[in-house]
Every structure is written in C-alpha cells, then in structure tokens.
Amino acid sequence: MVRELVVVSGKGGTGKTSIAASLASLASEDFKLSLADCDVEASNLPILLNPEVRGEEKFSGSKLASIDLERCTRCMRCEEECRFDAIRELRVDELACEGCGVCVYVCPAGAVELRDRDSGLLYLSETRYGPLAHARLNPGESNSGKLVALVRHRARQAALERGASLILSDGPPGVGCPAISSITGVDFALVVAEPTLSGLHDLKRILELLSHFRAVKPLIAVNMWDINPEISEEIKAFCMGEGLDLVGMIPFDKMVAEAAAQRKPVVEYAPNGRASLELKKLWREVKTVTGLGG
C-alpha cells in the first residue's frame with residue numbers, strides 16, 4: 008500500500024521546500040520513496056535534490072486558435088466576435104487568446120480551429136532518494152491544477168513500478184487551484200507556518216481548505232519560530248485549542264541558506280545544526296502521529 012504525505016503552506020516563503028527536502032533525506036532511511044514537486048509554477052525542490060532528468064513530455068493545458076488563411080474568406084467575423092481582442096488582421100495573439108472557441112463557432116468557412124497549446128513540460132527525474140516527478144509551467148499559462156494532478160500521477164506510477172511505500176510531495180504555496188489539486192486524496196498533510204501575522208492568518212486559511220475538502224487531519228510545524236516567539240506561542244495556543252498536532256518548532260538557522268547554496272538538504276549539509284536536530288525530531292514525531300513508524 009502506497010501512502011502519500013504532502014507538505015503545504017498557506018503562503019510562500021515559509022521554508023516549506025527546505026523542510027520537504029530534508030524530510031526526503033530522512034524518510035529515505037526508513038522507506039522506499041517516490042517524490043513529487045507539485046509547485047509547478049516555481050519548482051524549487053529539484054534545486055535542493057539535484058536530480059538527473061530521465062524523461063520529459065509536453066503538457067497542454069489549454070487551446071489556441073489557429074486560422075487557415077487558404078480557407079479564410081476575410082469576412083472578419085472572428086475578429087469582431089473575439090472578446091479578448093486576440094485576433095488582429097487575421098493573426099492570433101497567443102498571449103491574449105483564451106481558447107474559448109467563439110472564433111471557431113462563428114467562422115462560416117471553417118477556417119479556424121483550436122489546437123493544443125504548449126503550456127509546459129512534465130519531467131521524471133532520478134534523485135539519490137528515489138524518483139522525482141516535477142514540472143515547469145510556461146509563464147502566463149493556465150491549468151496549473153491539471154499539471155499538478157499529472158505530476159502526482161507520475162509520482163504514483165513511479166512508486167508502483169519501484170515498489171515504494173511512501174510518496175512525499177512538496178505542495179505549492181497558497182490556497183488556490185494548485186494547492187487544491189495537491190491535497191486531494193492524500194493520506195497526510197504537513198502544514199508549515201511562519202511566526203508572523205500573515206503567517207498565522209494564512210495557516211488558518213490552508214486549514215480551512217483542508218477541512219472544506221475533508222482532507223486528512225493536518226500536522227503543523229512552525230519554521231523559524233524564534234524570529235517571533237510571541238506569535239509562535241499564539242500558533243501553539245491555536246493548535247492546542249483546535250486539537251491539532253504541532254509536530255515541530257524549527258529555529259532560524261543560517262545553515263539552511265548555506266545548504267541551499269550547495270544544493271543539499273540542511274540535514275545532510277549540517278547534520279548537527281540547530282535546524283537539522285529539530286527536523287530530525289519533527290520526522291520522528293510525524294512517524295509517531297501518523298503511524299508511519301509502525
């Protein structure tokens with residue numbers, strides 16, 4: 008049976024990916040892993056895991072209008088009816104076209120068609136911890152949630168092929184479509200919060216999202232707790248009041264940035280550092296609370 012743990016946050020900049028990379032290192036000692044980076048708009052997990060790309064495929068998340076000038080009668084209906092001003096002098100502006108299909112519908116000559124738009128790339132790579140599914144969405148492209156679903160599907164395929172027992176996913180920040188796609192159907196969710204007013208606010212938002220979609224009971228970790236002990240205590244009290252499992256309080260540690268510069272998880276770069284020691288405690292607590300430890 009393959010289980011899935013996703014690391015999420017209500018906002019960007021909490022240190023979620025750094026924590027996910029360290030968890031990949033620690034979890035690989037206990038489980039056969041398959042990894043996924045679900046932050047398809049700004050994929051950073053590969054920076055820390057330094058993978059070798061083994062395969063890639065194109066991703067099409069939307070359609071793009073295309074005009075066959077040989078069949079076109081120059082009636083200009085397509086330009087008149089386009090509400091996005093994407094057609095000018097029978098040329099389609101790729102950035103403005105939404106692929107809605109109105110131009111196809113109104114063309115009397117059948118000269119317009121919708122074609123798949125190249126929206127990004129989906130990768131399957133190899134790391135020292137196991138296979139990694141990740142992607143790159145092109146700037147301005149849509150359907151990031153669909154691409155997240157494909158990344159998770161590839162990670163699950165790799166898990167089944169390799170006999171992995173745990174999928175570890177680095178989710179996207181925020182509470183939008185990509186975040187929704189990353190939490191659907193997971194077994195466990197680790198929410199990383201930062202001790203700021205916006206961090207506490209956005210922690211509550213991601214928890215509301217998890218509750219709305221009836222996802223699993225989340226685990227909470229506070230990163231860089233000592234930069235604002237007062238709000239860290241607020242988060243602690245909030246978790247206690249809501250019956251949430253606070254599984255880790257990770258201190259600020261310059262070694263995390265140094266490790267990132269060397270493309271390594273901090274638990275490997277500075278195994279006895281302040282952050283690393285707390286991350287090891289966090290992983291032990293995650294295993295205990297989730298039952299992953301047996």
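Per the numbering used here, the sequence shown runs over residues 8 to 301. Even for Gly, the Cβ is constructed at its ideal location relative to N, Cα and C.
query, result
"C-alpha distance - Val182 paired with Asp92, whole-angstrom precision", "31 Å"
"Pair within 8 Å by beta-carbon distance, Val9 and Leu167", "yes"
"Sequence-distant residues of its chain with Cβ nearer than 8 Å to Asn145 (five each side left out)", "Asp125, Ser126 and Gly127"
"Backbone secondary structure at Phe66 - three-state DSSP", "strand"
"Selection from Val47, Glu77, Lys243 and Leu210 that minimises the alpha carbon distance to Leu253", "Lys243"
"Same chain, Cβ closer than 7 Å to Cys246, neighbours up to 5 away in sequence not counted", "Ile227 and Leu253"
"Integer Cβ distance of Val155 from Val14, believed to fall under 8 Å", "At roughly 14 Å, the Cβ-Cβ gap does not stay under 8 Å, so Val155 and Val14 are not in contact."
"Alpha-carbon spacing of Arg169 relative to Ala118, whole angstroms", "48 Å"
"Best match in Glu120, Ala268 and Ser69 for proximity to Leu76 [C-alpha to C-alpha]", "Glu120"
"Collapsed DSSP secondary structure at Ala268 in the structure displayed", "helix"
"Start-end ranges of the beta strand (DSSP E) lying completely within the segment 125-185, minimum 3 residues", "127-134, 137-144 and 173-180"
"contact_flag[the segment 127-142, the segment 29-48] where n(CB pairs < 8 Å) is 3 or more", "yes"
"Buried or exposed by the 16-neighbour rule on C-beta atoms within 10 Å, applied to Thr295", "exposed"
"Cβ neighbour criterion (16 or more within 10 Å) applied to Pro185", "buried"
"Bridge partners - Asn230, DSSP secondary structure assignment", "Ile257"
"Among Cys114, Ala162, Asp100 and Arg281, the one whose alpha carbon lies nearest that of Leu12", "Ala162"
"Strand pairing of Ala72, partner residues [DSSP]", "Leu121"
"Local Cβ density within 10 Å of Ile234, reported as buried at 16 or more and exposed below that", "exposed"
"Boundaries of the alpha helix (DSSP H) in which Val273 is found, first to last residue", "Val273 to Tyr276"
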